[in-house]
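Numbering (UniProt numbering), first residue to last: 1 to 75.
Each remark here refers to the structure printed beneath this line.
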Amino acid sequence: MKALIETIAKALVDHPEHVKVNAVDKERILVFELSVHPDDMGKIIGKQGRIAKALRTVVTAAAVQTDKRITVEIV
Numbered sequence: 001m002k003a004l005i006e007t008i009a010k011a012l013v014d015h016p017e018h019v020k021v022n023a024v025d026k027e028r029i030l031v032f033e034l035s036v037h038p039d040d041m042g043k044i045i046g047k048q049g050r051i052a053k054a055l056r057t058v059v060t061a062a063a064v065q066t067d068k069r070i071t072v073e074i075v
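Right under this line is the structure:
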């Protein structure tokens with residue numbers, strides 16, 4: 001899942017070397033914290049949050065096979 005988020009994020013930004021994904025495991029929720037270069041923040045969020053919402057939708061669809069809820073936070 002971490003690799004999926006990194007691959008999608010690196011394809012969207014101008015500075016792919018600054019893309020970092022950190023996994024934080026809570027009780028029944030797995031939170032992936034995505035951090036990018038400050039100049040690329042708008043490209044990850046998108047107009048009215050559309051790209052961020054699409055990224056979360058793809059991750060949620062890929063997480064159906066697991067028992068945990070998975071969320072993506074953009075830091």
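Built from N, CA and C at the ideal position, the CB exists for glycine as well.
What residues are listed by DSSP as bridge partners for residue i?
i, result
"residue 71", "31"
"residue 23", "32"
Whole angstroms is fine: what's the gap from residue i's alpha carbon to residue j's?
i, j, result
"residue 12", "residue 19", "10 Å"
"residue 28", "residue 36", "26 Å"
"residue 59", "residue 5", "8 Å"
"residue 14", "residue 67", "34 Å"
For residue i versus residue j, is the C-beta spacing smaller than 8 Å?
i, j, result
"residue 73", "residue 30", "no"
"residue 44", "residue 9", "yes"
"residue 54", "residue 1", "no"
Comparing alpha-carbon positions, which option in the options lies nearest residue i?
i, options, result
"residue 75", "40, 17 and 25", "40"
"residue 86", "22, 49 and 65", "This structure cannot speak to residue 86, because the chain is shown only from 1 to 75."
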